[in-house]
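One structure is given here, and the rest of the page talks about it.
Numbering (the working numbering), first residue to last: 641 to 880.
Below you can see the structure in the form of structure tokens.
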């Protein structure tokens, strides 16, 4: 089912070339130094083919809500999804949006100083300019009124969000937004799903943050449930 990415109308850095790359269910919003659209589409097709082929021979990779065993013969994107999901405690497909964004980011990193690859709210980026990411949290009064100010970094990192009230992705929780910032968008995607499953009421926010902060490579967590907000880590939360 198609969902309009309305937030993309207000998130285009003027100094970068911004465009969409769409292939079946994969719908990327990309900002790069110059138009790398044709290359990105080719790489999307490459990774989608690997994932689709692997699902044909190993259906649990797509269907399982729990970690599955590693497969040394699987493609790199599959193995990293299996590894990250196992570390967190979710099924491999909980990391798929962040995985595609991260692998595309790795491919284009030598070609552009800055890039933003957004895949359904999961972002892999490298920036030489301070950026602010607006937080969309559905019916919460914080929605679109706060953002995360991201510092300049020579390395790519991930900002991934899970929600029990927004979008069609599976969540067993009720949080309006669980946002994880870390060194890997693939891992942050899976962790956001895991923490989102925990948050069913406001008292769960602190427990989820406590669980999430001990994973290596995680630098910040933001959780919103209605009028309740919890945060941990190196986050610069700003009013918009």
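Note that beta-carbon positions come from the ideal geometry of N, C-alpha and C, so glycine has one too.
- Shortest Cα-Cα distance from residue 858 to any of 878, 823, 716 involves 823.
- Counting along the chain, residue 830 sits inside the alpha helix (DSSP H) bounded by residues 825 to 838.
- A straight-line Cα-Cα distance of about 19 angstroms links residue 763 and residue 871.
- A distance below 6 angstroms between beta-carbons, with the five flanking residues on each side excluded, links residue 739 to the following residues of its chain, in chain order: 717, 721, 826.
- Where residue 657 is concerned, there is no enclosing alpha helix (DSSP H), although the beta strand (DSSP E) around it starts and stops at 657 to 663.
- The secondary-structure analysis by DSSP pairs residue 693 with nothing; it has no beta-bridge partner.
- Around the beta carbon of residue 743, a 10 Å sphere encloses 16 or more other beta carbons of the protein chains shown; the residue is thus reported as buried.
- Collapsing the DSSP output to three states places residue 741 in a helix.
- Minimum Cα-Cα distance from residue 856 among the listed residues 653, 795, 728 corresponds to 728.
- Judged by DSSP in its simplified three-state form, residue 734 adopts helix.
- Per DSSP, reduced to three states, the secondary structure at residue 771 is strand.
- The stretch 784 to 804 makes no contact with the stretch 687 to 702; the number of CB pairs closer than 8 angstroms stays below 3.
- Each residue's CA atom was taken as its position, placing residue 863 and residue 811 some 14 angstroms apart.
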